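Chains as they are written, first to last, in the numbering used here: chain W, 810 to 1047; chain G, 659 to 1102.
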Amino acid sequence: MAVDTTETTEVEVFDLETTSVRELNQRLHDLATGAPGPRRYRILNPSGAHALACGLDVEIEVEIEGHVGYYCAGMNKRATVRVHGNASTGVAENLMSGRVIVEGNASQSAGATGRGGLLVVRGDASSRCGISMKGIDIVVGGSVGHMSAFMAQTGCLVVCGDAGEALGDSLYEARLYVSGSVASLGADCVEKDLREEHVTQLASLLDAAAIDADPREFRRYGSARELYNFKIDNAGAY
Amino acid sequence: MGTQAERPWGLRESYLFDRTVIAEIHRAAREGIYDVRGFGAKRRLPHFDDLLFLGASISRYPLEGYRERCATDVVLGTRFARKPLELKIPVTISGMSFGALSAPAKEALGRGASEVGTSTTTGDGGMTEEERRHSKTLVYQLLPSRYGMNPDDLRRADAIEVVVGQGAKPGGGGMLLGHKISDRVAEMRDLPKGIDQRSASRHPDWTGPDDLEIKIHELREITDWEKPIFVKIGATRTYYDVQLAVKAGADVIVVDGMQGGTAATQDVFIEHVGIPTLPATRIAADTLQELGMHRKVQLVVSGGIRSGADVAKALALGADACSIGTAALIAMGDNSPEYEEAYRKIGSSAGFYDDYQAGRDPVGISTQDDELAARFDPVLGGRKIANFLRVLTLETQTLARACGKSHVHNLEPEDLVALTVEAAAMARVPLAGTDWIPGKDDSS
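In structure tokens form, the structure reads like this:
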């Protein structure tokens, strides 16, 4: 829902030492139903709190000054949330649209099941990054852990560093781009040609993530589509 | 040769290798893959049939049938949610996906449930407009697959059900074979059309009870603490699972026994994993009692609920409500002799049909074939569901009144006895005619 956020340099500040997570989220949710407010928000002393700035549905910018707990920016639409620290499990889970930027590292299941938007992790992301992703684009400046892009359906996972074991296991139609080494590929995940259209897509994603890397140095991985239908000959892979 | 009477004397069928087993061995040898089917467990299991009510007599007063009030209302989600569900009857419609079921069938479930003031539930395919529009009270499932999951549907749902497992396949994920992945289903699930879709068995972003607590907290935050949060578990280690669900902050716990239905699961899973609904109900209720949370965290029981007798017995063992799935499909016409000829054409028979996975349902319920689905009238189907739910409620009231209860929730274990030693042990009620509860330590 559209909201008439005040187009000024005004910043509303929440200090989580004195404001509860509930108060913070309610305030940000109220913007989607017409409550007036500025475009920019700043959250101080997050101290690893969970479910910060989740369920937003408005074009605002949220800066979180420190480390966040589970599910930061979960299910967000349209907002831009930037974490100046590390993020715990499930950052930007089920992201619908908008952007989430983690300046530090992200724990497991970053961007899980995301359906749209862009997640940028400037550091490393742990295991299961992009698990069951459904349209989100994820750009990781560093490396990702094992089982990343497990059952990934659509969208792109870009890894500027290395990928852990079983990358893209049981992959559907998501595109995986890795610059560094891949410890191993999961079931039905294969390396594919990096064509010009992919270089263009990669360049666009890296640009959107403000990460300086040469798209031609990446390799592309995708589904072999051998497990899409049950075949007894593939029993060993099930 | 079909029945015992038609068989020549002297032919003896093996108990171990009966014709069903022989047919399955032949099929497995021919096809080289496990049998996937719908419906629920077909084996004989201890169930509510093995319990009887002790009607009132001199020591208890009955209520006058049809005259003295026996209330049936139930409120689900009173622990934390700002807007608990207020239902008129203690029977709800369980989660069944669009994909597994046709759009008209989902609409009918919503229509029927709404007509009698109860809830229906989405499934592993997201929320359709049809079911939202026709369901006054709709529970939205959060499953491991997260197909179609979005915050808008979370907010327009009336409750959220975190599905950890289901009775037909505790520890297993959903399954939808390629011929049911239509254009619409594929779009809703962000999947290619025609693939054999297997859902994850674990949630993608939480892995244990501590994580679940945080996940529930996130769902509450996204919905501003308005919606009741259900946690659904397949009945296995029910004592521990109920404890952990309470600890994680559930408003409502749904326990689905192994008789619970499915649209597509391996037969070996359906028949060999989990515990029956009967013991699961008593374990869950006793666990809530032990925690001091009985009636504070509501208990919904499902898995083989077919009649008001089943409902009344589950309530007497401590449930707040029951949920129906397979019985609802049957109420809408599934397995009806009316379709015998059509069932025969696809190699089945009325009363035996369980190939929900195949998508060729002649009744138009478990299919994504437009032509088959068009055979099903959602208005008539909704009326049948409403009628069936009314009968379940009337039967439950009948039994409750006979036991002298002015509310169906006043039924209690003391109103029950068991017909078998097994049922007595599982339900923790005396064997009929005795004061013996097997397993109960009375030495102290």
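Even for Gly, the Cβ is constructed at its ideal location relative to N, Cα and C. Please read all numbers here as calculations on a predicted model, not as lab measurements.
{"Check": "CB contact check: W/E832 to chain G, cutoff 9 angstroms", "Outcome": "no"}
{"Check": "Three-state secondary structure assigned by DSSP to G/I982", "Outcome": "strand"}
{"Check": "Interface positions of the region 928-948 of chain W facing chain G (Cβ-Cβ less than 8 angstroms), listed along the chain", "Outcome": "R937, I940, S941, K943, G944"}
{"Check": "Cβ separation of W/L976 and W/C998, assumed to be a contact under 8 angstroms, to the nearest whole Å", "Outcome": "6 angstroms"}
{"Check": "G/P762 vs G/A1031 beta-carbon contact at 9 angstroms", "Outcome": "yes"}
{"Check": "Rounded C-alpha distance that separates W/E826 from G/R804", "Outcome": "34 angstroms"}
{"Check": "Short CB-CB distance (under 9 angstroms) between G/K599 and chain W", "Outcome": "Because chain G here runs from 659 to 1102, residue 599 of chain G falls outside it and cannot be looked at."}
{"Check": "Cutoff 6 angstroms; reference W/M810; Cβ partners in own chain excluding five residues on either side", "Outcome": "Residue confidence is low: W/M810 scores 39 on pLDDT, short of 50, so the model does not pin down where it sits. Its coordinate-derived value is still stated next. Counting only Cβ-Cβ distances below 6 angstroms, and skipping sequence neighbours, we find A841."}
{"Check": "Backbone CA spacing between G/Y719 and G/Y897 [nearest angstrom]", "Outcome": "34 angstroms"}
{"Check": "Interface residues of chain G facing W/C863 [CB-CB closer than 7 angstroms]", "Outcome": "E876, E879, I880"}
{"Check": "Closest residue to G/G1040 among G/D816, G/R940, G/A681, G/S772 (Cα-Cα distance)", "Outcome": "G/S772"}
{"Check": "Simplified DSSP assignment, three categories, for G/V926", "Outcome": "helix"}
{"Check": "Other residues of its chain near W/Y986: CB distance less than 6 angstroms, five sequence neighbours each side excluded", "Outcome": "V967, L1011, F1027, R1029"}
{"Check": "Beta-carbon proximity check, G/G832 vs G/D782, cutoff 9 angstroms", "Outcome": "yes"}
{"Check": "Which residues DSSP lists as bridging W/A1018, in chain order", "Outcome": "Per DSSP, none; premise fails for W/A1018."}
{"Check": "Meets three-Cβ-pair contact criterion under 8 angstroms: the region 851-869 of chain W and the region 869-876 of chain G", "Outcome": "yes"}
{"Check": "Residue burial classification, W/H1007 (beta-carbon count within 10 angstroms, cutoff 16)", "Outcome": "buried"}
{"Check": "Chain W within 9 angstroms of G/I812, Cβ atoms only", "Outcome": "The amino acid at residue 812 of chain G is misidentified as Ile; the sequence shows Leu. It does; some Cβ of chain W falls within 9 angstroms."}
{"Check": "Best match in G/H1067, G/S752, G/L1038, G/D1027 for proximity to G/G961 [C-alpha to C-alpha]", "Outcome": "G/S752"}
{"Check": "For G/L712 and G/T778, the rounded distance between their alpha carbons", "Outcome": "32 angstroms"}
{"Check": "Range covered by the beta strand (DSSP E) that runs through G/E726", "Outcome": "Segment: none, G/E726 is in no beta strand (DSSP E) and carries neither H nor E."}
{"Check": "Short Cβ contact (9 angstroms threshold) for G/G991 with G/F1034", "Outcome": "yes"}
{"Check": "Minimum C-alpha distance to G/Q824 - residue among G/R895, G/R940, G/E996, G/Y1011", "Outcome": "G/R895"}
{"Check": "C-alpha distance - W/S897 paired with G/T984, whole-angstrom precision", "Outcome": "41 angstroms"}
{"Check": "Where W/Q1010 meets chain G, residues with beta-carbon distance less than 9 angstroms", "Outcome": "What W/Q1010 touches in chain G: nothing, since even the nearest Cβ is about 18 angstroms away."}
{"Check": "The alpha helix (DSSP H) enclosing W/R1001, as first and last residue numbers", "Outcome": "For the record, residue 1001 of chain W in the displayed sequence is Lys; it is not Arg. Where W/K1001 is concerned, there is no enclosing alpha helix (DSSP H), although the beta strand (DSSP E) it sits in stretches over 998-1001."}
{"Check": "Euclidean distance between Cα positions of W/T1050 and W/M942", "Outcome": "Since the first residue shown for chain W is 810 and the last is 1047, residue 1050 of chain W is missing from the structure and cannot be characterised."}
{"Check": "Distance between G/A699 and G/G919 (C-alpha atoms, nearest Å)", "Outcome": "7 angstroms"}
{"Check": "Among W/D933, W/H876, W/A958, the one whose alpha carbon lies nearest that of W/G923", "Outcome": "W/A958"}
{"Check": "CB contact below 9 angstroms: G/W667 versus chain W", "Outcome": "no"}
{"Check": "Short-range partners of chain G found in the region 1021-1043 of chain W, where Cβ spacing is below 7 angstroms", "Outcome": "Y1037, N1038, F1039, I1041"}
{"Check": "Residues of the region 805-838 of chain G whose Cβ lies closer than 7 angstroms to any Cβ of chain W, in chain order", "Outcome": "M807, N808, P809, G836"}
{"Check": "Residues of the region 861-872 of chain G with Cβ closer than 8 angstroms to any Cβ of chain W, in chain order", "Outcome": "P862, D863, W864, D869, I872"}
{"Check": "Alpha helix (DSSP H) runs contained entirely in the region 723-796 of chain G, provided each spans 4 or more residues", "Outcome": "761-773, 787-792"}
{"Check": "Rounded Cβ spacing between W/I947 and W/A919 (contact assumed at less than 8 angstroms)", "Outcome": "7 angstroms"}
{"Check": "Neighbour flag for W/Y880 against chain G, beta carbons, 9 angstroms", "Outcome": "yes"}
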